[in-house]
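In our numbering, the protein residues as written are 44 to 790. I have placed the structure first, in the form of structure tokens, so that the comments after it can refer back to it.
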Amino acid sequence: MSTPAVESWRGGDAAMRALFDQSDDAMIVVDDSGAVVAVNASTCSLLGQPEHTVVGAMLSSWIGSDADLPAALRTLLDVGSVRGLLPIVGPGAPRRLVDYRGVARIAEGRHLLVIRSRTGPSVAERDALESAEARFVSMLHVTPTPTVITRLRDERYIAVSDSFLELLGYAREEVLGRSGAELGVWPHASDRNRITAALASGRPVRNLEGRIRTRAGEELTVLLSAERMEFYGEPCVMALANDITELRHAEELGRTLVQASPAAIFALDDDARVSLWNPAAERVFGWSAEEVEGRPPPFLTAETAATFVESVRAGEGVEAGDATYHRRDGGAVEVTLSRAPLRDRSGAVRGAVGILFDMTDRRMLEDQLRHARKMEVVGRFAGGIAHDFNNMLQVISGFATVARYSLPAEHVAHAELEQILRASSRAAQLTRQLLAFSRRQLTQSRVLDLNALVGDMHRMLERLIGEHVRLEVRLDPSARRVRGDIGQLEQVLLNLCVNARDAMPDGGELTLSVAPARLDLDEARRHPEVAAGGYVALRVTDTGTGMDAATVERAFDPFFTTKETGQGTGLGLATVYGIVRQSGGEVWLSSEPGRGTTVTICLPGTHEAAQSIRPPPQQARCEGRGETVLVVEDEALVRRLTVQLLQRHGYKVIEATDGHEGLRAYESSAEQIRLVLTDVVMPGMDGVEMSRRITRRFPEARTLYMTAWSGDALPVTMERYAAVLDKPFTTDSLLAAVRTALDRPTA
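Set out below in structure tokens:
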């Protein structure tokens, strides 16, 4: 068969012409685009078409649509040869699957395809096989599991599923005829090598975890399975890739959450042995993961651990509750525990997981909050009682003093009046203790050196505790100064030393120490009323009888005492508590029965220079010089007493029963009044507001406040010429305060 196109390809070689024309195999010459350039007689017979119909047409016109002809041509051009099966179709011939081989570049831009002719019974058998293989390819395309078939000899893809193409982001024509190495599918050669080695040894690959790269460059984690097979008569490999990237991400997220969780998380297997132990569990209990994994949980007995797993297995859902366990160091830890079953893929329970929240600090803070609220309520109650009691004491002691000075020296009532005054003094001391506890006592704060204070009291304390108790004092010159009231801090030290002495009836050792201290964040959490930072610690330690936990819990409560009736008021430690808290510090004690007690006081440190800790000597008595004093007091008896005392000692007095009356009195007699002596808490307008209104109109006005407690809402910055007199006051203290207020320079 001869045409110009054929002749242009055949040239003048007679042997080539005879081979091409007379071959029983169909021979087709195509160009680079796949167009038919020449065919022999066997090709026309195979296709059932004359030569002029075939030549010039595209080869794809005679090939079934289920074949990937572009991939075959690309392989032919890239590799130089190709072989395989092609489905032949056409109007002049029935569809059939034929063997073909291709040879590239038999001439410039010309490529030869040789299709082997087969007849007889074997053809029918082969057609049946080919039909089955074609159906397999069709099913492979739609399988949801990413699947590929590659030739064993060169690892080139000859069939791929739609799911594989979707997973990697390729089109089918981009993949067929190319290998995974050419596409860059294997980001890690070791994954490919493991599969190749397994298949070379004749073993199939099952669920081998590896990584593949998508067209976009993303690495995916997959489970790979592969097995050798015969496909279209050629050794091939079928491989499946299950994408587990999201699963691994979820697992990694779960691991991260477990490792970073503030909750202690542990898991037990079927045998009640630890299979998981996160860092929070290490912190809570003190055992490392290496020490506990594969063993029963150390904070549970083996029997309890087994019961833990069985109870979860028997129950449904999540169970939660409170529990107390013990740490490695033996200390107790209070927890809130949630537990749930661990299940396998079939849903069967294979263990249990426990999630613990350490509630120890929270319980401690809750206890501290309850205690603080209780102390606040009791303090308000005690302060209120002290306020009213001070007013009554003022009347009792004041009129007793007036009566004593009114009677002749030889009068028999002098002794009785002296007893009244002594009892009033003791009662006043009791109210001062109540006010100290409630933190409503008037203070004269200054910068102090605790080392100097303790050193100055050394000899007195030795006499106080007696010879049967040995006193040891440890001072640290590096301790900073503190700010406080010298009298109150001396009272604190006296109260603590008396308590320590009474706890050592058979003798012992009492140690006083002053040293720098620093509260870190953990300690500050245990004592929430103070902030972390630098402090000065005063510790009082005895070797006495000690206290149990219940006694320690109530030690600072007012009127609580373990002493026999009549031997204590129960205000010693309560007073210490109030003074220390009013000074901006914190106090706590530690004690055990038979092991003594340590009271620790932490006061904020300061770098300011210490001031003199001794007040100047008080003048004997200061008489009036005819000055006019405005007395404003709502308690009639207190007002009457105050007026009498002032009048007896040289003052003129104008009276007022409340703030409104006092303001009117001052405005009407401003030129005569030299001093306003006023109570603080009064109905209607209180003393502070009255004084403010007076000083707005009369800036040079002087005010002396009388108060039964320092919680009477005195202004933070009082008027320029204001002062304070604490109730109950004596005649001498009243006269001294009035004289001082009057004589204070105005400039």
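Ideal Cβ placement from N, Cα and C applies to all residues, glycine included.
Taking C-beta atoms as the reference points, TYR694 and GLU670 count as a pair closer than 8 Å.
Short of 7 Å from the beta carbon of PRO305, and not among the five residues preceding or following it, lie these beta carbons of its own chain, in chain order: ALA323. Scanning ARG126, SER440, ARG237 and SER467 for the CA closest to the CA of ASP111 turns up ARG126. For the segment 623-710, the full-length beta strand (DSSP E) segments reaching 3 residues or more read 629-634, 640-649, 671-675 and 695-699 along the chain.
Our two residues, LEU785 and LEU777, have alpha carbons roughly 12 Å apart in a direct line.
Going by DSSP, ARG370 is part of no alpha helix (DSSP H) at all; its letter is neither H nor E. Pairwise C-beta distances place the segment 280-287 out of contact with the segment 361-378, as fewer than three of them are shorter than 8 Å. Restricted to the segment 288-352, the alpha helix (DSSP H) segments that are unbroken, complete and at least 4 residues in length are 288-303, 322-328 and 332-335, listed in chain order. Counting C-beta pairs with one atom in each stretch, the segment 614-629 and the segment 530-541 have three or more that are closer than 8 Å, which means they touch. When DSSP reads this structure, LEU747 sits in a beta bridge with LEU720 and ALA766.
With contacts defined by Cβ atoms closer than 8 Å, VAL516 and VAL497 form a contacting pair. GLY648 is classed as buried because its beta carbon has at least 16 other beta carbons within 10 Å across all chains shown.
Less than 8 Å separates the beta-carbon of ALA652 from that of VAL490. In the three-state DSSP reduction, PHE179 falls in the helix class (H, G or I).
Residue pairing by DSSP places GLU515 opposite THR554 in a beta bridge.
Assignment of TYR448 by DSSP, reduced to helix, strand and coil, places it in the helix class. The beta carbons of LEU673 and VAL719 sit about 5 Å from each other, so the pair counts as a contact at 8 Å. Burial state of SER124 is exposed, judged by a 10 Å Cβ sphere holding fewer than 16 other Cβ atoms. Going by DSSP, GLY530 is part of no beta strand (DSSP E) but of the alpha helix (DSSP H) stretching over 529-545. Under the three-state reduction of DSSP, ASP775 is assigned to helix.
Judged by DSSP in its simplified three-state form, PHE603 adopts coil rather than helix or strand. Spatial neighbours of THR403 in its own chain (CB-CB distance under 7 Å, excluding positions within 5 residues in sequence) are listed in chain order as VAL376 and GLU377.
Of GLY730, THR685 and LEU688, the smallest CA-CA separation from LEU706 is found for GLY730. The beta strand (DSSP E) runs of length 3 or more contained entirely in the segment 74-118 are, from start to end of the chain, 79-82.
Taking 8 Å as the cut-off, the Cβ atoms of VAL681 and VAL512 do not count as close. Taking the C-beta atoms as reference points, ARG291 is found nearer than 8 Å to THR264. Assignment of beta-bridge partners to ARG582 by DSSP yields SER556 and THR643. Inter-residue distance for ILE238 and MET70 is about 39 Å (C-alpha atoms, whole angstroms). The Cβ atoms of LEU311 and GLY394 lie closer than 8 Å to each other.
Short of 7 Å from the beta carbon of PHE400, and not among the five residues preceding or following it, lie these beta carbons of its own chain, in chain order: ALA306, VAL378 and THR379. Secondary structure note for ALA282: its beta strand (DSSP E) is the uninterrupted segment 277-286. Cβ contact annotation for ALA147 (same chain, cutoff 7 Å, sequence separation greater than five): LEU119, LEU120, GLY123, SER124 and HIS154, in chain order. VAL557 sits away from LEU646, with the two beta carbons spaced by 8 Å or more. Taken atom to atom, the span from the alpha-carbon of ASN250 to that of GLY220 is near 26 Å. The three-state reading of DSSP puts SER206 in helix, counting H, G and I together. Looking at PRO548, CYS540 and MET725, the one whose alpha-carbon comes closest to that of THR641 is CYS540.
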